[in-house]
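Protein chains in written order, with the working numbering: chain A, 1 to 116; chain B, 1 to 114. Using N, Cα and C, we set each Cβ at its ideal position, and we do this for glycine too. In what follows, a structure is listed as structure tokens, so that the remarks can point back to it.
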């Protein structure tokens, strides 16, 4: 099973709203990621959590706030977003520690976010 | 500076023939390479990977070749099927860096024609 589950699949929010994207995996992966993807572009890394601790923040604006409540869950809290933040937000996970299976990153289906 | 390059934005191949997607990288630290397939409005689906200690990895219709000296890899799909029409992303990482995430190429849109 290589499943990463993301909810909601679609989200429309106003610029003053507060919402959250959720991600779950049960593969025992200890690294979890948030990526953002715009149309016709490759995914861009936003955040990495390693062993439930934030290890990489790619200079993401503070209106995006990640949270890792436990090793299976990853949230992305959204507040005061701008229309240009509309994109597909992808959660992913992987093992830690290298090796062929350890390095493969598995993606969820994504959450389509529209900011109006 | 683009560290992973897919120089063909699109590729059209006849059904049943071989599709060859190419990828070049510049960072010598990369030691693990992956190919993902992506349909519109969906997340990338992992297809196949290769470690830098190998030069070939095969899985069914998909074969990835790695030429370390040329810093080049390619994905071969044979025979190509209509369901293979999608955007294919090449990605690379350095396995010794912990969980650093992937560096993606810009993708190649593969179109399989009947």
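Discussion item. Please classify residue 51 of chain A as buried or exposed, where buried requires at least 16 other C-beta atoms within 10 Å of its C-beta.
Written reply: Here residue 51 of chain A refers to the residue found at position 51 of the first chain. Under this definition residue 51 of chain A is an exposed residue.
Worksheet item: Taking Cβ positions only, does residue 106 of chain B come closer than 8 Å to chain A?
Response: As a working note, residue 106 of chain B is residue 106 in the second chain. It does; some Cβ of chain A falls within 8 Å.
Worksheet item: When the cut-off is 8 Å and only beta carbons count, does residue 108 of chain A lie next to chain B?
Response: Taking the first residue of the first chain as 1, we reach residue 108 of chain A at position 108. Answer yes: the Cβ-Cβ gap between residue 108 of chain A and chain B drops below 8 Å somewhere.
Worksheet item: Which whole-angstrom value describes the C-beta separation of residue 101 of chain B and residue 90 of chain B, a residue pair presumed to lie in contact below a C-beta threshold of 8 Å?
Response: Locating residue 101 of chain B in the second chain gives position 101, counting from the first residue. Locating residue 90 of chain B in the second chain gives position 90, counting from the first residue. Incorrect: roughly 15 Å between the Cβ atoms, too far for contact.
Practice prompt. Measure the beta-carbon distance from residue 30 of chain A to residue 86 of chain A and round it to whole angstroms, keeping in mind my assumption that it falls under 8 Å.
Written response: The residue labelled residue 30 of chain A in the question sits at position 30 within the first chain. The residue labelled residue 86 of chain A in the question sits at position 86 within the first chain. About 31 Å separates the two Cβ atoms, so there is no contact after all.
Fill in: Inter-residue spacing [alpha-carbon to alpha-carbon] between residue 10 of chain A and residue 1 of chain B
Taking the first residue of the first chain as position 1, residue 10 of chain A is located at position 10. Taking the first residue of the second chain as position 1, residue 1 of chain B is located at position 1. Distance between the alpha carbons of residue 10 of chain A and residue 1 of chain B is about 33 Å.
Fill in: DSSP three-state assignment for residue 109 of chain A, whether helix, strand or coil
Your numbering for residue 109 of chain A matches position 109 in the first chain. In the structure shown, residue 109 of chain A sits in coil (DSSP, three-state: anything other than H, G, I, E or B).
Practice prompt. Kindly list, in the order they appear in chain A, the residues whose Cβ is closer than 7 Å to that of residue 32 of chain B.
Written response: The sequence position of residue 32 of chain B within the second chain is 32, counting from 1. Within 7 Å Cβ-Cβ: 103.
Item to complete: List the residues that DSSP assigns as beta-bridge partners of residue 85 of chain A.
Response: For this step, residue 85 of chain A is matched to residue 85 along the first chain. None; residue 85 of chain A has no bridge partner.
Fill in: Neighbour list for residue 86 of chain B in chain A, Cβ cutoff strictly below 7 Å
Taking the first residue of the second chain as position 1, residue 86 of chain B is located at position 86. Those do not exist, as residue 86 of chain B stays about 13 Å from chain A at its closest Cβ, beyond 7 Å.
Item to complete: Compare the C-beta of residue 48 of chain A against all C-beta atoms of chain B and say whether one is closer than 8 Å.
Response: Walking along the first chain from the start, residue 48 of chain A turns up at place 48. For residue 48 of chain A, the answer is yes, since a Cβ of chain B falls inside 8 Å of its Cβ.
Worksheet item: Could you give the distance in angstroms between the alpha-carbon of residue 83 of chain B and the alpha-carbon of residue 41 of chain A?
Response: Translated into the one-based positions of the second chain, residue 83 of chain B becomes position 83. Translated into the one-based positions of the first chain, residue 41 of chain A becomes position 41. If I take the Cα positions, the gap works out to 21 Å.
Discussion item. What does the Cβ neighbour count give for residue 54 of chain A, buried or exposed, with the cut at 16 atoms within 10 Å?
Written reply: In the first chain, residue 54 of chain A corresponds to position 54, counting from 1. Classification of residue 54 of chain A: exposed, given that the 10 Å Cβ count is below 16.
Worksheet item: CB residue 93 of chain A to CB residue 4 of chain A, shorter than 8 Å?
Response: Locating residue 93 of chain A in the first chain gives position 93, where the first residue counts as 1. Locating residue 4 of chain A in the first chain gives position 4, where the first residue counts as 1. Yes.
Item to complete: Taking the CB atoms as reference points, tell me whether residue 65 of chain B and residue 71 of chain B lie closer together than 8 Å.
Response: Along the second chain, read from residue 1 onward, the residue named residue 65 of chain B stands at position 65. Along the second chain, read from residue 1 onward, the residue named residue 71 of chain B stands at position 71. Not in contact: residue 65 of chain B and residue 71 of chain B (Cβ atoms no closer than 8 Å).
Discussion item. Is the beta carbon of residue 75 of chain A closer than 8 Å to that of residue 66 of chain A?
Written reply: Within the first chain, the letter at position 66 stands for residue 66 of chain A. Within the first chain, the letter at position 75 stands for residue 75 of chain A. Cβ distance < 8 Å, so residue 66 of chain A and residue 75 of chain A count as in contact.
Worksheet entry | Same chain, Cβ closer than 6 Å to residue 79 of chain A, five either side skipped, listed in chain order | Position 79 of the first chain, counting from 1, holds the residue named residue 79 of chain A. Excluding sequence neighbours, residue 79 of chain A sits near 18, 63.
Worksheet entry | Beta-carbon proximity list for residue 57 of chain A, same chain, < 7 Å, skipping 5 on both sides | Walking along the first chain from the start, residue 57 of chain A turns up at place 57. The residues are 47.
Discussion item. Tell me the rounded alpha-carbon separation between residue 109 of chain B and residue 116 of chain A.
Written reply: The residue you call residue 109 of chain B lines up with position 109 of the second chain. The residue you call residue 116 of chain A lines up with position 116 of the first chain. Cα to Cα, residue 109 of chain B sits roughly 30 Å from residue 116 of chain A.
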